[in-house]
Amino acid sequence: VVGGTEDDNGIEVPVRHVAPNFGNTRLLWNRNRLKLDAFVIYNNALSLNQLAPSEIAKSYLYATDANGNPFSPSWYTLNFRMQYQINNEFEITAALENITDQRYRPYSSGIAAAGRNLILAVKYSL
Numbered sequence: 390v391v392g393g394t395e396d397d398n399g400i401e402v403p404v405r406h407v408a409p410n411f412g413n414t415r416l417l418w419n420r421n422r423l424k425l426d427a428f429v430i431y432n433n434a435l436s437l438n439q440l441a442p443s444e445i446a447k448s449y450l451y452a453t454d455a456n457g458n459p460f461s462p463s464w465y466t467l468n469f470r471m472q473y474q475i476n477n478e479f480e481i482t483a484a485l486e487n488i489t490d491q492r493y494r495p496y497s498s499g500i501a502a503a504g505r506n507l508i509l510a511v512k513y514s515l
């Protein structure tokens, strides 16, 4: 993340709006009309020296380290989704997201993400 652009003094600094490494990993299981999906969503940390100067100036968006410097901590969520096809017309879905109730903020968003949440849905197709 460090490098890629220069400030007014010719010093290489982190590029603006480059997000930390992130991704998701899934375990999917399908059997007849049942689908199960266990997945992890994760995001790496960015330390103070990896934040662009424009992001450091927005310290209210970030956590602070022991020295009071802003940084973006790593985070992950554990999630589970189930889908069942009752018949040709009806399908039900249930999901439990952020099972461990992590408090986190997606990089540079300024808004804390939802805690543990349950989603229930019924789908009807003609």
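Heads up: the sequence shown begins at 390 in the numbering used here, then just goes up one per residue. A virtual CB, placed ideally from N, CA and C, is assigned to each residue, including glycine.
Secondary structure of residue i, DSSP reduced to three states
i, result
"Gln474", "strand"
"Tyr493", "coil"
"Tyr515", "It is worth fixing the name first, because residue 515 is Leu in this sequence and not Tyr. Coil at Leu515, not helix or strand."
"Ile500", "coil"
"Tyr465", "strand"
"Tyr449", "helix"
"Asn413", "strand"
Residue nearest to residue i in terms of C-alpha spacing, selected from the options
i, options, result
"Met471", "Asn432, Ser443, Gly499, Val511", "Val511"
"Asn438", "Ser461, Leu485, Ile481", "Ser461"
"Phe428", "Ala484, Asp454, Ala434", "Ala484"
Test item: CB-CB of residue i and residue j under 7 Å
i, j, result
"Ile430", "Asn413", "yes"
"Arg492", "Ala441", "no"
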